[in-house]
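Structural data, given as structure tokens:
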């Protein structure tokens, strides 16, 4: 039986190959744009979202190619959000995954445009019959991704986060911000796998609850890393949130309170998988992976 | 018989009503984002693209609601592109349609996010069964819009334009830039109408050629306005291109050469409509409208 480590490496490799094939070739007078899109998307991403889509889909014997192309579209969205979030007018980050952020490696205009290009390309991938022969399924995937990523999802979360320094934060408001900014796309990653696999309703509901917990967990571990981490470990500048006076769950719960919450969420996430038995082995082990900060 | 003036006002009114209904309500902690999206989309836009979609579709008795929703999605894309193009790291414009640009009225981060939200929302609109009952048609519209707007279309054109000051421009390169930056979305606006109307092949080809000419014409008139116009007339700062050392067709052809080319393109555009007879009355008259700078 494959280990989770091996499975993750395998998925990351296949994701890079898929993105390499699906992103436009670098050519023509717009070469700089296409090069920038590839620089952002083909880096050392940990591919959590593709892992979730592929694992959720595999439980229901979903078509591998449909899963991989859908995961690539989700990864285009995730990548564009990082590129725009790193901009000087947003989080103003110089490093991402240990490398210069896109606007540092290229320039701001190219970073805005490469993000726009990746965002648009996600929908081009999903609308293509090669993703799924049934146009109804393609429309469901497009609608789901647009909702998760848009002005009622990820973009809304980022807006609330930007306003964070000036907004009086309470637990409910911060939890909602996390759910939108990080949770919505993680949740859709799992749902897309279940959708393509035509999973029955009870299975879909259990997976959605799992995904909700994983999203919160992931954001909380990230906030803990922000407080505790060293630049060498995270590959990006640390404690930017505190420096910006931003409120997150760690600043509200305290480090110990947050750690306790992480353990609780991890246990809940695994409970939601109980109904799948050994088929959900990797999804279950991934929870520990996130808790142990190996993601 | 309605005049073109009345028809344009009618379409602009219906477009504003459609966008007002389709854009998210302003509420919640992300209210600033939603307000910004509405500020950008519900302004005094001239709605050239919706006019083209609705007129092209009307020639084939296409469903009005499908045309209107598709035109709204195209307008979301057009609007986001203006918001991002106006950013300080791009064209750095303070005025748009006589009002402060989005990043001047709100701030840069909000402008980036509102653009992202509008871009994403376009695909949410198109994926909705309310746009067209046939998912295959929805996928065709999504694929066409993504191609026209993305890294092989509008975004590529903007990238080339940004690099314009440093690139040795020849006529072919500038024409290609215009075709991508402005032409691709104008062409799709016409094609979408023909697609929804299930227009026969010869009609679609004629309309595509018309749209190509209109796109070039529109950009050339805009470049002429940039050189000749006064701030009061265009509602934005003038001769930014020349100030930035950018090359456009007017700087290559000279003002007189460009004017002559405008007349030629206008005549060609109308010729492509010959096959439709009086059904294409408004599409034909719109060409003169553009030439006379009433657009």
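Protein chains in written order, with this note's numbering: chain A, 262 to 556; chain B, 262 to 556. We treat Cβ as the ideally placed atom computed from N, Cα and C, and that holds for glycine. As the structure is a prediction and not an experimental result, all values here were calculated from the model.
Can you pull the chain A neighbours of residue i, defined as C-beta to C-beta under 7 Å?
| i | result |
| --- | --- |
| residue 512/B | Result: empty, since nearest Cβ-Cβ is about 17 Å, beyond 7 Å. |
| residue 350/B | 369, 370 and 373 |
| residue 384/B | 384, 403 and 407 |
| residue 216/B | Here chain B has residues from 262 to 556 only, and residue 216/B is not among them. |
Classify residue i: buried if its beta carbon has 16 or more other beta carbons within 10 angstroms, exposed otherwise.
| i | result |
| --- | --- |
| residue 264/A | exposed |
| residue 293/B | buried |
| residue 543/A | buried |
| residue 326/B | exposed |
| residue 432/A | exposed |
| residue 538/A | exposed |
| residue 516/B | exposed |
| residue 553/B | exposed |
| residue 330/A | buried |
| residue 445/B | buried |
| residue 308/A | buried |
| residue 551/A | buried |
| residue 492/A | Any reading at residue 492/A needs caution, since the residue's pLDDT is 44, under 50, leaving its predicted position unreliable; the model's value is listed next. With fewer than 16 other Cβ atoms within 10 Å, it is exposed. |
| residue 525/A | exposed |
| residue 378/B | buried |
| residue 427/A | Caution is warranted here: a pLDDT of 47 is assigned to residue 427/A, below 50, making its placement in the model unreliable, and the coordinate value is therefore given only provisionally. When all chains shown are included, residue 427/A counts as exposed. |
| residue 267/B | exposed |
| residue 391/B | exposed |
| residue 412/B | buried |
| residue 518/B | exposed |
| residue 465/A | buried |
| residue 274/A | exposed |
| residue 278/A | exposed |
| residue 282/B | exposed |
| residue 394/A | exposed |
I'd like the span of the alpha helix (DSSP H) that includes residue i, first residue to last.
| i | result |
| --- | --- |
| residue 461/B | From DSSP, residue 461/B is part of no alpha helix (DSSP H); its letter is neither H nor E. |
| residue 314/B | 309-319 |
| residue 381/B | 369-388 |
| residue 545/A | 542-552 |
| residue 346/A | 325-346 |
| residue 294/A | 292-302 |
| residue 277/A | 265-283 |
| residue 439/A | 432-439 |
| residue 400/A | 396-410 |
| residue 418/B | 415-423 |
| residue 207/A | In this structure chain A extends from 262 to 556, so residue 207/A is not present and cannot be described. |
| residue 243/B | Outside the displayed span of chain B (262 to 556) sits residue 243/B, for which this structure offers no information. |
What residues of chain B sit near residue i, judged by a beta carbon separation below 7 Å?
| i | result |
| --- | --- |
| residue 388/A | 400, 403, 404 and 407 |
| residue 295/A | 412 |
| residue 421/A | 290 and 291 |
I think residue i touches residue j, with their Cβ atoms under 8 Å apart; what is that distance to the nearest whole Å?
| i | j | result |
| --- | --- | --- |
| residue 369/B | residue 350/A | 4 Å |
| residue 310/B | residue 334/B | Contact doesn't hold; Cβ gap of about 10 Å is too wide. |
| residue 374/A | residue 438/B | 14 Å between Cβ atoms; not a contact. |
| residue 508/A | residue 425/A | 6 Å |
| residue 527/B | residue 548/B | 5 Å |
| residue 284/A | residue 298/A | 6 Å |
| residue 475/B | residue 447/B | 6 Å |
| residue 376/B | residue 345/B | 5 Å |
| residue 467/B | residue 533/B | 5 Å |
| residue 356/B | residue 387/B | No, residue 356/B and residue 387/B are not in contact; Cβ-Cβ is about 31 Å, not under 8 Å. |
| residue 302/B | residue 280/B | 5 Å |
| residue 530/B | residue 478/B | 6 Å |
| residue 269/B | residue 312/B | 6 Å |
Strictly below 9 Å CB to CB, what residues from chain B border residue i?
| i | result |
| --- | --- |
| residue 396/A | 395, 396, 397, 398, 399, 400 and 401 |
Strictly below 9 Å CB to CB, what residues from chain A border residue i?
| i | result |
| --- | --- |
| residue 449/B | Within chain A, no residue comes near residue 449/B; the closest Cβ sits about 13 Å away, beyond 9 Å. |
| residue 298/B | 412 |
Can you name the residues of chain B whose CB is closer than 8 Å to the CB of residue i?
| i | result |
| --- | --- |
| residue 381/A | 380, 407, 410, 411, 412 and 416 |
| residue 285/A | 412 and 413 |
| residue 424/A | 290 and 293 |
| residue 434/A | 290 |
Identify the contact partners of residue i in chain A, using a Cβ-Cβ distance below 8 Å as the criterion.
| i | result |
| --- | --- |
| residue 345/B | 373, 374 and 377 |
**Message:** Quick test of the definition: if touching needs 3 or more C-beta pairs under 8 Å, does the stretch 454-462 of chain A touch the stretch 319-337 of chain A?
**Reply:** yes
**Asked** With contact counted as at least three CB pairs below 8 Å, one residue from each stretch, are the stretch 358-368 of chain A and the stretch 373-389 of chain B in contact?
**Response** no
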